[in-house]
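J.: Dumping the structure here so I can ask a few things about it.
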Amino acid sequence: MGMRENYTLIRLYIDAALRAGEILELSKEHRHYLLNVLRKNIGDELRVFNGAAGEWRAQIMAATKKSVTINITEPLRSPRVSPDIVLCFSPLRKHRNAFIAEKATELGVGVLQPVITARTQFPKLNFDKTRLQIIEAAEQTERLDIPKLAQIISLDEMASAYNDRIVFFADEAGDAIPALQAIRSNTPRAAFLIGPEGGFTDSERQILRARDHVIPISLGPRILRADTAALSVLTLWQSVHGDWHSGQFEE
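For the sequence shown, this note's numbering gives the first residue as 8, with consecutive numbering after it.
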């Protein structure tokens, strides 16, 4: 089977060591998905990855209502790390957090960093559910690694934690540098900060602007929703510095 044909095989993230000859029992969720949803059976093949060891071909060895066992047979793709990009975002409503987690994963973000600001209306984040959404997005988009979901921090903590890179923040003041111009003019190692509904307060904007490594950027004449802003800046960054320029489905 050629590399192109391999992509027709179902793909699962497995939190386990992967090496040729390894026998693994799948989780209850994976068992249900393979047997009841996809109607897979003994002898069927699939692809598995663990976020660190690349991608491997596997085969179903045993399948019952209580257990599914697979055999790891051969490597398909070598490990590959996504670009060093951080998305800092203020938690939103549940479905919009899901959108951000999914699209950030699709667009190659390395770290998702929740940040609490003065106007954050939803300061809690369901980490287990969000991580599952990240994993599902990685499974579906052929990504070989899993973005890190960091613990929630304050705005001040965020500005200090990421002082080793340029932090672009979407500023609605109207006097900021156009986003594309700023991204083109700076190093690819960066973080993007997206504020909550209602944006940043004047004091927060002053605090951010006072730091040398923080650059305000403009996303145009319209006020974008937070999830739209996140998608927009990541798309711009990918088009300039990201891995869109590499070949598709590299081995």
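Cβ atoms here follow ideal geometry from the backbone N, Cα and C, with glycine treated the same way.
Keep in mind that this is a model prediction, so the values were computed, not measured.
I'd like the list of long-range same chain contacts for D234, defined as Cβ closer than 6 Å, with 5 residues on each side in sequence excluded.
T.: Walking along the sequence shown from the start, residue 234 turns up at place 227. Excluding residues within five positions, the ones whose Cβ falls inside 6 Å are R103, F106 and I107.
J.: Comparing C-alpha positions only, which one of H39, L241, V75 and E109 sits nearest to T201?
T.: In the sequence shown, counting from the first residue as 1, residue 201 sits at position 194. The residue you asked about is not Thr; residue 201 is Ile in the sequence shown. Cα-wise, what sits closest to I201 is L241.
J.: Decide if W63 is buried, meaning its Cβ has at least 16 other Cβ atoms within 10 Å, or exposed.
T.: Walking along the sequence shown from the start, residue 63 turns up at place 56. Label assigned to W63: buried.
J.: Tell me which residues share the same chain as D91 and place their Cβ nearer than 6 Å to its Cβ, disregarding the 5 neighbours each side in the sequence.
T.: By one-based count along the sequence shown, residue 91 stands at place 84. G117 and R196, listed in sequence order.
J.: Out of S74, D178, R26 and S246, point me to the one whose CA is closest to E306's CA.
T.: Since the displayed the chain opens at 8 and closes at 258, residue 306 lies outside it and no answer follows.
J.: Which partner residues of Y20 appear in the DSSP bridge assignment?
T.: Along the sequence shown, read from residue 1 onward, the residue named residue 20 stands at position 13. Paired residue(s): F56.
J.: Candidates V55, Q158 and I230: which alpha carbon is nearest A145's?
T.: Within the sequence shown, numbered from 1, the residue matching residue 145 stands at position 138. Looking at the Cα atoms, V55 is the closest of the given residues.
J.: Could you tell me which residues DSSP puts in a beta bridge with F96?
T.: If you number the sequence shown from 1, residue 96 lands on position 89. Answer by DSSP bridge pairing, in chain order: P121 and I201.
J.: Assuming A261 is part of the alpha helix (DSSP H), what are its boundary residues?
T.: Absent from the structure is residue 261, since the part of the chain shown begins at 8 and ends at 258.
J.: Leaving out five residues on either side along the sequence, give the residues of the same chain with a beta carbon under 7 Å from the beta carbon of N78.
T.: In the sequence shown, counting from the first residue as 1, residue 78 sits at position 71. Around N78: I30, A65, Q66 and M68.
J.: Please go through the same chain and pick out, in chain order, the residues whose beta-carbon is closer than 8 Å to the beta-carbon of I142, but skip the five residues on each side of it.
T.: On the sequence shown, position 135 is the one that residue 142 refers to. Closer than 8 Å at the Cβ level, and outside the excluded window around I142, lie Y20 and I153.
J.: Is it buried or exposed for W251, if we count other Cβ within 10 angstroms and need 16 for buried?
T.: Against the sequence shown, residue 251 aligns to sequence position 244. Exposed, by the Cβ-count rule.
J.: Hey, is the segment 206-218 in contact with the segment 130-139, meaning 3+ C-beta pairs nearer than 8 Å?
T.: No, the segment 206-218 does not touch the segment 130-139.
J.: What ranges does the beta strand (DSSP E) occupy inside the segment 168-197, keeping only unbroken runs of at least 3 residues that lie completely in it?
T.: Correct list: 173-177.
J.: For the beta strand (DSSP E) holding A70, just list the boundary residues, first then last.
T.: The residue you call residue 70 lines up with position 63 of the sequence shown. Where A70 is concerned, the enclosing beta strand (DSSP E) stretches over E62 to A70.
J.: Can the beta-carbon of I230 be found less than 8 Å from the beta-carbon of E179?
T.: Position 223 of the sequence shown holds residue 230. Position 172 of the sequence shown holds residue 179. Result yes, Cβ atoms of I230 and E179 sit closer than 8 Å.
J.: What does the Cβ neighbour count give for A24, buried or exposed, with the cut at 16 atoms within 10 Å?
T.: Locating residue 24 in the sequence shown gives position 17, where the first residue counts as 1. Its Cβ having fewer than 16 others within 10 Å, A24 is exposed.
J.: Grab the span of the beta strand (DSSP E) containing T76 for me, first residue to last.
T.: Start at 1 with the first residue of the sequence shown, and residue 76 comes out as number 69. Note, T76: beta strand (DSSP E), V75 to R84.
J.: Which two residues bound the contiguous alpha helix (DSSP H) that contains S210?
T.: Walking along the sequence shown from the start, residue 210 turns up at place 203. D209 to R216 is the span of the alpha helix (DSSP H), which, as asked, contains S210.
J.: Suppose you measure from the CA of Q140 to the CA of T148; what does that come to, to the nearest Å?
T.: Translated into positions along the sequence shown, residue 140 becomes position 133. Translated into positions along the sequence shown, residue 148 becomes position 141. Approximately 12 Å, taken between the alpha carbons.
J.: Using the rule of at least 16 other Cβ atoms within 10 Å of the residue's Cβ for burial, across every protein chain shown, is Q188 buried or exposed?
T.: Within the sequence shown, the letter at position 181 stands for residue 188. So Q188 counts as exposed.
J.: What does the Cβ neighbour count give for G206, buried or exposed, with the cut at 16 atoms within 10 Å?
T.: Taking the sequence shown and counting its residues from 1, the one referred to as residue 206 is at position 199. Answer is buried; the Cβ neighbour count reaches 16.
J.: Does G50 pass the burial test, meaning 16 or more other C-beta atoms within 10 Å, or should it be called exposed?
T.: Working through the sequence shown from its first residue, we reach residue 50 at position 43. Result: exposed.
J.: If the criterion is Cβ atoms closer than 8 Å, does the pair A168 and I159 meet it?
T.: As a position in the sequence shown, residue 168 is number 161, starting the count at 1. As a position in the sequence shown, residue 159 is number 152, starting the count at 1. Cβ distance not < 8 Å, so A168 and I159 don't count as in contact.
J.: Of the residues P82, S89, I190 and R150, which one's Cα is nearest the Cα of W244?
T.: The sequence position of residue 244 within the sequence shown is 237, counting from 1. Selected option, being the one with the closest Cα: I190.
J.: Quick check on DSSP: helix, strand or coil for E149?
T.: Within the sequence shown, the letter at position 142 stands for residue 149. Of the three classes helix, strand and coil, the one that applies to E149 here is coil, per DSSP.
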